[in-house]
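Per the working numbering, residue 1040 is the first one in the sequence shown, and the count goes up by one each step. Just so it is clear, CB atoms sit at the ideal spot from N, CA and C, and this is done for glycine as well. Note that the coordinates shown come from a computational prediction; the quantities given were computed from them, not determined experimentally. Report on the structure given below.
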Amino acid sequence: MNYIYFIINPKAGNGHCFKIWGGIEAQLKAEQVPYLAFFTEYPGHAKKLASQIAVKNDNEKIIIAVGGDGTMHEVMNGVIKHNNITLGFIPGGSGNDFSRGFLIPSDPLEALKVLLRLMKHEPALIDAGKMIMKDNTEHYFINNMGAGFDAIIAYKVNHSRIKAVLNKLSLGRLVYVFFLLKELFTYKTATIDLSIDGQKHIFEKTWFVTVSNQPYYGGGMKIAPDAQPDDGQLDITVLQQLSRWKLLLVFISVFWGKHIHFKEVKTFKGKMVSIHSSASLYVHGDGEHIGYTPLNIDIQVKGLQVLTRRKNKNEVDLKERSSNDIF
């Protein structure tokens, strides 16, 4: 009997994820689906649990993260070096950008239905990004990473009490906007020395650099509209030489992916990226604080097996989409 392994973050969504799991578990029992459930108890626990499941034996296994993007980030980091694992995701956090980028329904029970159906077919092979920090530690991202203004916002969001309050009011995504406005008038830009596949670029008065594997971050912002998670390339976005008020306008346009039309926004594609800066900058991976610049990034082509309705870089399975997938 093949079990599905669920790793649940009961604190995601300000504790709402625990209720979400209750509904999922009831549905699994009703459909007599064999499963094993593990609950995280502290930061980094999801990574540890995922790794323990992966190394137990060489059998093919499916691990489904139930929580937010941070939960998926940890689980992915725990299994990326094991090719016997297929990953799935049921959204239970406040941002849930993975579910947007990989076409998983926002409703948890609908997401479960989709994943159970996808399990009957071959999983998709998708790329991942590897960050190598200055102390040579390695961290992987599945959605995106960023250095600078967006990373400090992610740090403040994840360490704030306001996030819990807004989650209670079902307004969790607004926490990113709150901290954007809060940091906007105090943040100091930096000079970025960026290398992409060996080609050097220097950007002065830079707000941030983001390297993306799929379009969404920050709770629905379409930071890299053309990013595809299986095209063997990373999408790089740089914001520089922007006044504070114009930055606010650019951020508003990010929700529709229209920011790329501003002359101060530069976009690139590449496989290997290095980021150095005139001042030490915060770095995030999938919205989680990772460390500080400098760092190197390279792509892990088709490094993960994932349950997704995204077919390939040129085709999306629209036939299975429903009104529950509208974000």
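Q.
Per DSSP, what are the beta-bridge partners of Thr1276 in this structure?
A. Thr1249 and Thr1306
Q) What does a CB cutoff of less than 6 Å around Glu1099 pick up in its chain, not counting 5 residues either side in sequence? A) Asn1123
Q. For Asn1122, does the three-state DSSP call read helix, strand or coil?
A. coil
Q. For the stretch 1099-1153, which segments carrying the beta strand (DSSP E) assignment without a break, of at least 3 residues, lie completely within its bounds, in sequence order?
A. 1100-1106 and 1124-1130
(Q) What does the alpha-carbon distance come out to for the pair Asp1097 and Thr1245? (A) 46 Å
Q.
Give me the DSSP bridge partner(s) of Tyr1255.
A. Lys1261
(Q) At 3 residues or longer, what runs of the beta strand (DSSP E) sit wholly inside the stretch 1172-1203? (A) 1177-1180 and 1183-1187
Q. Buried or exposed: which applies to Asn1041, given that a residue is buried once 16 or more other Cβ atoms fall within 10 Å of its Cβ?
A. exposed
**Q.** Enclosing alpha helix (DSSP H) for Gln1339 [first to last residue]
**A.** Counting along the chain, Gln1339 falls outside any alpha helix (DSSP H), though it belongs to the beta strand (DSSP E) covering Leu1334 to Val1345.
Q. Any idea if Asp1174 is buried or exposed, counting beta-carbon neighbours within 10 angstroms, 16 or more meaning buried?
A. exposed
Q.
Three Cβ pairs or more, each shorter than 8 Å: is that satisfied between the stretch 1271-1286 and the stretch 1316-1323?
A. no
(Q) For Pro1367, count the other beta carbons within 10 Å of its own beta carbon; 16 or more makes it buried, fewer makes it exposed. Which is it? (A) Shown here, the chain extends from 1040 to 1366; a query on residue 1367 therefore has no answer.
Q) Is the beta carbon of Ile1181 sitting closer than 7 Å to the one on Asp1269? A) no
Q: Can you tell me which of Thr1276, Val1214 and His1055 puts its alpha carbon nearest to the alpha carbon of Tyr1194?
A: Val1214
Q.
Tell me the rounded alpha-carbon separation between Met1311 and Gln1238.
A. 10 Å
Q | For Val1072, the three-state DSSP class (helix, strand or coil) | A | coil
Q: For Glu1177, count neighbouring Cβ atoms within 10 angstroms of its own Cβ and tell me buried if that reaches 16, exposed if not.
A: exposed
Q: Check each candidate in Leu1343, Val1289, Glu1327 and Ser1090 and name the one with the smallest Cα separation from Asp1386.
A: Because the chain here runs from 1040 to 1366, residue 1386 falls outside it and cannot be looked at.
**Q.** From Leu1334, Ile1063 and Pro1162, residue whose alpha carbon lies closest to that of Val1250
**A.** Leu1334
Q) Would Tyr1044 pass as a contact of Asn1116 if the rule is Cβ separation under 7 Å? A) no
Q.
For Leu1155 and Lys1095, I'd like the C-alpha separation in whole angstroms.
A. 23 Å
Q. In terms of alpha-carbon separation, which member of Lys1341, Phe1242, Leu1273 and Gly1168 lies closest to Gln1280?
A. Phe1242
Q | N- and C-terminal bounds of the alpha helix (DSSP H) containing Ser1089 | A | Note that residue 1089 is Ala in the sequence shown here, rather than Ser. Counting along the chain, the alpha helix (DSSP H) containing Ala1089 begins and ends at His1084 to Val1094.
**Q.** Straight-line Cα distance separating Ala1051 from Ala1150
**A.** 17 Å
Q) Roughly how far, in whole angstroms, is the beta-carbon of Ile1047 from the beta-carbon of Ala1076, given that I think they are within contact range, below 8 Å? A) 6 Å
Q. So, is Phe1141 buried or exposed, given that buried needs 16 or more other C-beta atoms within 10 angstroms?
A. buried
Q: Can you tell me which of Ile1235, Trp1295, Gly1296 and Gly1271 puts its alpha carbon nearest to the alpha carbon of Leu1343?
A: Gly1271
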